[in-house]
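Taking it in order: structure first as structure tokens, then the write-up.
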Amino acid sequence: MSLKGTQTAKNLMISMAGDAQATFRYNLAAKQAKTEGYVQIRDIFEETARNEVEHGKRFYKFLREAYEPGEGLNVDWDYPVTYADTRANLKSAVDGEHEEAHKMYPEFADLAEKEGFPEIAYVWREIAEVEEAHEKRFQKLLDNIENDRVFEREEELLWKCNNCGYIHKGKAAPDVCPACAHKQEYFEIFVETY
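Each residue of the sequence shown is one higher than the last, beginning at 12 in this note's numbering.
Next up, the structure:
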């Protein structure tokens, strides 16, 4: 079956355009987070933006196989307009990732199956799992801001300065890194992933 002209093709373009738009919004949100003193949140917005680029490339590859270079594909879809403070940017990110993970991509996958594109359906379902992980991560970051837990916890933890690598043990990150003199905003909870 040819992908060209199907609703699945339109849904791929909607998904690709959405990921491109999310990449742009997340990069703006990253700059805002840094301005507000949230370096870790900046880094996570930037990482998520890179993830969205890869998702968009995957969707676009299917379209490139079905359409000639320069050929157009008209789609109609609503995309969020959000660029505010970090709380609002995180809330918007939670909402968008939730929509993709639990509604949009599962529906697109089901239709792709019906239209005879099981590989495309599989990709949407797998990427939906990533979007759910993004949603959970953004929600945790939002909760940390709302509960004043970005740089302080009830229990003693290891805090790492992401500028110089200094490790501090305590219930809160130091106001200033004793090793490099960078502000508290460069600290995050240290977790070994190796």
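Just so it is clear, CB atoms sit at the ideal spot from N, CA and C, and this is done for glycine as well.
- In the three-state reduction of the DSSP assignment, TRP88 falls in the coil class.
- Per DSSP, LEU23 is one residue of the alpha helix (DSSP H) stretching across 18–46.
- Listed in chain order, the non-local C-beta contacts of LEU39 below 7 Å within the same chain comprise TYR94, local neighbours out to five positions each way being set aside.
- Ranked by how close their Cα comes to the Cα of VAL92, the residues TYR37, HIS109, ASP121 have TYR37 in first place.
- The C-beta separation of VAL86 from ILE25 comes to about 5 Å, placing the pair in contact by the 8 Å criterion.
- Within the region 140–196, the runs of beta strand (DSSP E) that reach at least 3 residues and sit entirely inside it are, in chain order, 163–172, 178–183.
- Contact between VAL141 and ASN62 is confirmed by a C-beta separation of about 7 Å, below the 8 Å threshold.
- A Cβ-Cβ contact shorter than 8 Å links GLU108 with HIS145.
- GLU79 carries a coil assignment under DSSP once its states are collapsed to helix, strand and coil.
- Residue state for PHE73 is assigned as helix, using DSSP reduced to three classes.
- By the Cβ rule, the region 42–56 counts as touching the region 188–196, because three or more pairs are nearer than 8 Å.
- Around the beta carbon of MET12, a 10 Å sphere encloses fewer than 16 other beta carbons of the protein chains shown; the residue is thus reported as exposed.
- Rounded to the nearest whole angstrom, the CA to CA distance from GLU79 to GLU143 is 33 Å.
- Using a Cβ-Cβ distance cut-off of 8 Å, the region 172–180 and the region 149–161 are not in contact, since fewer than three pairs of beta carbons, one from each stretch, lie closer than that value.
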